[in-house]
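Under my numbering, the first residue of the sequence shown is numbered 1499, with each subsequent residue one higher. Here a beta-carbon is modelled for each residue, glycine too, at the ideal position from N, C-alpha and C. Since this is a predicted model, take the numbers as computed values, not measurements.
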Amino acid sequence: MLRKILIGIGVIGGIFLLFKFCDFKKNDEDDDIQYNTNLIQQQILNVGKLVVTEGHFSEVITYKNQQKYLMDMLSFEKKALIVVNADVTVAYDLHKMKYDIDEINKTITIVSIPKEEIKISPDIQFYDVEQSKLNPFTGDDYNRINKSVKSNLAKKIEKSSLKTNAQNRLISELSKILILTNTMGWKLQYEGKVIESEKDFRKQIKL
């Protein structure tokens, strides 16, 4: 009888220890997931900054405008030589990046990457200004010139390496998340595709 009681106590004790072990293992796994998630969130915060690439452009423009009177028999011209020096920045504000963390499937999904922000700050200097009282320089002329300058600079920026350099810096920052996920055995996704290398990023962002 005593033997049966001892065996019963042993079985109950064994079951209790088994449940405790399973519970400990589950808690350990939960702690590991929480640790990994916190680490990933911290890395994304580190990446979430303003990535800025700067450039400088110069151009010389000749501006002319003519006012005609008396059936075009009289005309009054104004003109100026304009020298433009412009500081340009191409920036990606990664604070605006949206992402989702799936702890169960160990997957990070980048939902959206902010578009580049191009800022043009031109310094416009006028030289050899010629005008008449009947056709003087006005605010409209300066607005027209400023608009034309920015339009020309925007075309130059598109043809330059400035945007490409900014995009390369963007990829470099995003790749820090990729390195961490690869190290931890997680997956990184963007636009429905698993990102495994910088090359994948470039294809998806179309660089």
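How about residue i and residue j: do their beta carbons lie closer than 8 Å?
| i | j | result |
| --- | --- | --- |
| valine 1582 | valine 1627 | no |
| arginine 1700 | isoleucine 1675 | no |
| isoleucine 1608 | methionine 1595 | yes |
| serine 1619 | alanine 1584 | yes |
| valine 1549 | glutamate 1671 | yes |
| lysine 1661 | glutamate 1614 | yes |
| isoleucine 1655 | isoleucine 1703 | no |
| asparagine 1666 | glutamate 1575 | no |
| tyrosine 1597 | isoleucine 1643 | no |
| tyrosine 1561 | lysine 1577 | yes |
What would DSSP say about residue i, mapped onto helix, strand or coil?
| i | result |
| --- | --- |
| leucine 1632 | coil |
| asparagine 1603 | coil |
| glutamine 1702 | helix |
| lysine 1674 | helix |
| lysine 1613 | coil |
| lysine 1547 | coil |
| serine 1658 | coil |
| leucine 1516 | The predicted position of leucine 1516 is uncertain, since its pLDDT is 43 and thus under 50; a value taken from the coordinates is nonetheless stated next. Note: leucine 1516 maps to helix in three-state DSSP. |
| isoleucine 1669 | helix |
| glycine 1637 | helix |
| glutamate 1694 | coil |
Could you give the distance in angstroms between the alpha-carbon of residue i and the alpha-carbon of residue j?
| i | j | result |
| --- | --- | --- |
| asparagine 1650 | glycine 1553 | 15 Å |
| lysine 1653 | asparagine 1603 | 45 Å |
| glycine 1637 | isoleucine 1622 | 14 Å |
| phenylalanine 1624 | serine 1630 | 16 Å |
| serine 1658 | isoleucine 1559 | 19 Å |
| glutamate 1680 | phenylalanine 1555 | This sequence places asparagine at residue 1680; glutamate is not what is there. Distance between the alpha carbons of asparagine 1680 and phenylalanine 1555: 41 Å. |
| aspartate 1600 | leucine 1537 | 14 Å |
| tryptophan 1684 | lysine 1645 | 49 Å |
| isoleucine 1580 | tyrosine 1688 | 46 Å |
| glutamate 1448 | isoleucine 1611 | Here the chain has residues from 1499 to 1705 only, and residue 1448 is not among them. |
| glutamine 1539 | glutamate 1696 | 20 Å |
| asparagine 1563 | valine 1586 | 28 Å |
| leucine 1592 | valine 1545 | 7 Å |
Can you say whether residue i is buried or exposed, counting buried as having 16 or more other CB atoms within 10 angstroms of its CB?
| i | result |
| --- | --- |
| valine 1588 | buried |
| isoleucine 1677 | exposed |
| tyrosine 1640 | exposed |
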